[in-house]
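Student: Before anything else, here's the structure in question.
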Amino acid sequence: MLKVKLEIRAIYTIIVCLFAIFLILPLVVLFIRSFETSQGFTISNYLSILTNNDLMVSIWNSIKISSLTAVITTILAFLLSYTINFTRVTRPLKGAIQIGILIPMLLPTITYGFAIMYSFGNQGLLTKLFGRSFFEIYGFNGLLIGYCLYTLPPAFLLINNSFKYIDKKFIIVSKLMGDRTLRSFMNTIIRPLWGTLGGAFVLSFILSFTDFGIPASIGGSYSVVATQLYQVMLGSIPDFNNGAAIAVFMLIPAVFAVFLLQYLEKFNFHYDKLSEVELLQNRARDVVLGILSSSVLLSIFAIFAIMFVAPLVNSYPYDLTFTFKHFTDVFQSSDLVNVYKNSVIVALLTALFGTLTAFCAALLNVRTPIKGKEALDIFSMITNTVPGMVLGISYLLLFNNSSLKGTFAIIVLCTIIHYFTTPYLMAKNSLSKMNLSWEMTGELLGDSWFKTIRRVVIPNSFSTVLEMFSYYFMNAMVTISGIIFLVTATTSVVASKIKELQHFAKFNKVFVLSILIFFTNLFVKLLCDYFQKRRLKHN
5 MLKVKLEIRA IYTIIVCLFA IFLILPLVVL FIRSFETSQG FTISNYLSIL TNNDLMVSIW
65 NSIKISSLTA VITTILAFLL SYTINFTRVT RPLKGAIQIG ILIPMLLPTI TYGFAIMYSF
125 GNQGLLTKLF GRSFFEIYGF NGLLIGYCLY TLPPAFLLIN NSFKYIDKKF IIVSKLMGDR
185 TLRSFMNTII RPLWGTLGGA FVLSFILSFT DFGIPASIGG SYSVVATQLY QVMLGSIPDF
245 NNGAAIAVFM LIPAVFAVFL LQYLEKFNFH YDKLSEVELL QNRARDVVLG ILSSSVLLSI
305 FAIFAIMFVA PLVNSYPYDL TFTFKHFTDV FQSSDLVNVY KNSVIVALLT ALFGTLTAFC
365 AALLNVRTPI KGKEALDIFS MITNTVPGMV LGISYLLLFN NSSLKGTFAI IVLCTIIHYF
425 TTPYLMAKNS LSKMNLSWEM TGELLGDSWF KTIRRVVIPN SFSTVLEMFS YYFMNAMVTI
485 SGIIFLVTAT TSVVASKIKE LQHFAKFNKV FVLSILIFFT NLFVKLLCDY FQKRRLKHN
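What the sequence shown shows, in the numbering used here, is residues 5 to 543, in sequence order.
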């Protein structure tokens, strides 16, 4: 057994202290502040929420639209994943689905609303093409479209990954035994995926319920809890204590979600061995699912297409003369250029230190016998549960009078903690599949633990490290919910700047900044993919 050396204890202590100070302590302060009033500690903040009709309507609105979003997103994500894994549609279409579905992930959510506005509004691109307005976009309809765009990629990635572990042999066996199509489908596809489908539903619900960017841009008069919380905390008369109580309320659905996921976990099972079986030919299935998948993909392209068109014309939709003026204006504005630089700096620092933190935590959990490593899984579960806005408010309350206030450090730390779960699980799954005796062998040969990790473990998990880096970078570039309470005039990033430009109707600048984020994220993603493929070739 590998001995717990001093350096292992030191890394463990640093990580535990990091989460104790920047996750547990802020949430404790948030909970305490939610009971604080001018008369001392009472439950009056919570009573005021329950008796505030507007706020209760907002909470109910959020639950309704998030539930509907989760249902639609889970169904669409399932159809897309099924098309890729269980049909014989052409490879180019399968490739287009896997690439195109990632487009929304490369953009800040606050941009979605403006893209929907310019696509479905009275003068929108799609409205012009079809000659009529389809529906009222401000409020419920716009939010529903925006939330579906936002939650579809992560739900798809979750379900598509699980599809790879379904044995196609059982579909053929089911058919040979005379099962009808529906019965066979339920037993061989839905049942093995039941836990994953539940996870996708919960993920979509939480993301929609806690998002601030989409309602901030296209929410209209349809009030949701995220915008109510923003107004309470940063409105004309801020009320931090009442805001803390609302933030605690936002944790309730997430807590229920955790219990639901634990319940659904019992439905998950795996096959000991997957069979390489050719899919049964079914032309009707392939045509229908090919058309449905293409429609979803074209809808995503159509909505975001305007974002690349509007800033290249003089004044959309009135003067369609081609121009680079809007790009030139942005690049000549030192303020906007600095904001873009701030975003890149924050994303790079988050990706570097976030990847290091998540990888070290997974390393300690999987490949060392250190006591108390279960705490790392607990931290992962909490970060997966706490919404970004709630974490941001917790930081605001705890660090408001500290030297961290108004610095890039607080933004980077908040983002690292907020997005910790997925990179941590990536690293944990990768490290657990490697030979667990490497460190012991290295120790017997006289190598230090660090040397074995550097020379053996890291090279064998290099692809996963790159995935973790790109995940952290892209999310740090587009996030707004967590950092909206932490940015200042000097630390403003693109996502928060877009919120400011919205008030002055500077939509061309919004689109130009969004395009910069899009291509920056795309460049990092392609660069990481290139190094991954290069690594695989060398191996």
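Where is the CB? At the ideal position from N, CA and C, for every residue including glycine. As the structure is a prediction and not an experimental result, all values here were calculated from the model.
1. List the residues that DSSP assigns as beta-bridge partners of E40.
2. Tell me the DSSP bridge mates of V547?
3. For my contact list, F216 and I484 are in at a C-beta cut-off of 8 Å; report their separation, rounded to the angstrom.
4. Classify R371 as buried or exposed, calling it buried when 16 or more other Cβ atoms lie within 10 Å of its own Cβ.
5. Look up L293 in the DSSP assignment and say whether it is helix, strand or coil.
6. Just to check my reading of the structure: F82 and I163 have Cβ atoms closer than 8 Å, yes? What is that Cβ distance to the nearest angstrom?
7. Of the residues T115, N126, P391 and L197, which one's Cα is nearest the Cα of I519?
8. With DSSP collapsed to three states, give me the class of A74.
9. Can you tell me whether L6 is helix, strand or coil according to DSSP?
10. Which residue comes first and which comes last in the alpha helix (DSSP H) that contains K432?
11. For K432, does the count of other Cβ atoms within 10 angstroms reach 16, so buried, or fall short, so exposed?
12. Taking contact to mean 3 or more Cβ pairs, one atom from each stretch, closer than 8 Å, check whether the region 321–330 and the region 347–367 are in contact.
13. Does the Cβ of S474 have 16 or more other Cβ atoms within 10 Å, making it buried, or fewer, making it exposed?
14. Just to confirm the assignment, what range does the alpha helix (DSSP H) spanning I141 have?
15. Between P315 and the rest of its own chain, which residues show a CB-CB distance below 6 Å, the 5 nearest in sequence each way excluded?
16. Could you spell out where the alpha helix (DSSP H) holding F466 opens and where it closes?
17. Residues in its own chain within less than 6 Å of A365 by CB, not counting five upstream and five downstream?
18. Identify, in the order they occur along the chain, each residue of the same chain with its Cβ nearer than 8 Å to the Cβ of G203, setting aside the five sequence neighbours on each side.
19. Looking at S384: is its Cβ nearer than 8 Å to the Cβ of P30?
20. Comparing C-alpha positions only, which one of Q235, L340 and L130 sits nearest to T494?
21. Let me know the secondary structure DSSP gives G223 once reduced to three states.
22. Go through its chain and collect everything with a Cβ distance to L368's Cβ below 8 Å, but skip five positions before and after it.
23. Quick check on T494: does DSSP put it in helix, strand or coil?
24. Report all residues from its chain with a CB closer than 8 Å to the CB of K537; omit the five preceding and five following residues, and keep chain order.
25. In the DSSP assignment, the alpha helix (DSSP H) including D215 goes from what residue to what residue?
26. Can you give me the C-alpha to C-alpha distance between P219 and G392, rounded to a whole angstrom?
27. Does the separation of the CB atoms of K501 and V343 fall below 8 Å?
28. Is R187 buried or exposed, if buried means 16 or more other CB atoms sit within 10 Å of its CB?
29. Between which residues of its own chain and I120 is the CB-CB distance below 7 Å, once the five residues before and five after are set aside?
30. Could you pull out every residue in the same chain whose Cβ sits closer than 7 Å to the Cβ of Y226, ignoring the five residues on either side in sequence?
31. By alpha-carbon positions, which one of I421, G117 and L470 ends up nearest to G224?
32. Measure how close the beta-carbons of T468 and T425 come, nearest whole angstrom, since I'm counting them as under 8 Å.
33. Express the C-alpha separation of F209 and R289 in angstroms, rounding to a whole number.
34. Between L353, N56 and G410, which lies nearest to V236 when the distance is taken from Cα to Cα?
Tutor: Short version:
1. F45
2. Coverage of the chain is limited to positions 5 through 543, which leaves residue 547 absent and any answer about it impossible.
3. 6 Å
4. buried
5. helix
6. 6 Å
7. T115
8. helix
9. Annotation note: pLDDT 49 at L6 (below 50); position unreliable, no value reported.
10. T425 to S436
11. buried
12. no
13. buried
14. It is not in any alpha helix (DSSP H) - I141 carries neither H nor E in the DSSP assignment.
15. H330, N512, F515 and V516
16. F466 to V482
17. I19, L380 and Y428
18. L162, L265 and L268
19. no
20. L340
21. coil
22. I12, I15, Y16, I19, I374, K377 and L380
23. coil
24. none
25. First-last for D215: undefined, no H or E at that position.
26. 15 Å
27. yes
28. exposed
29. I141, G146, I149, G150, I222 and I307
30. N65, G143, F144 and L147
31. G117
32. No, T468 and T425 are not in contact; Cβ-Cβ is about 15 Å, not under 8 Å.
33. 29 Å
34. N56
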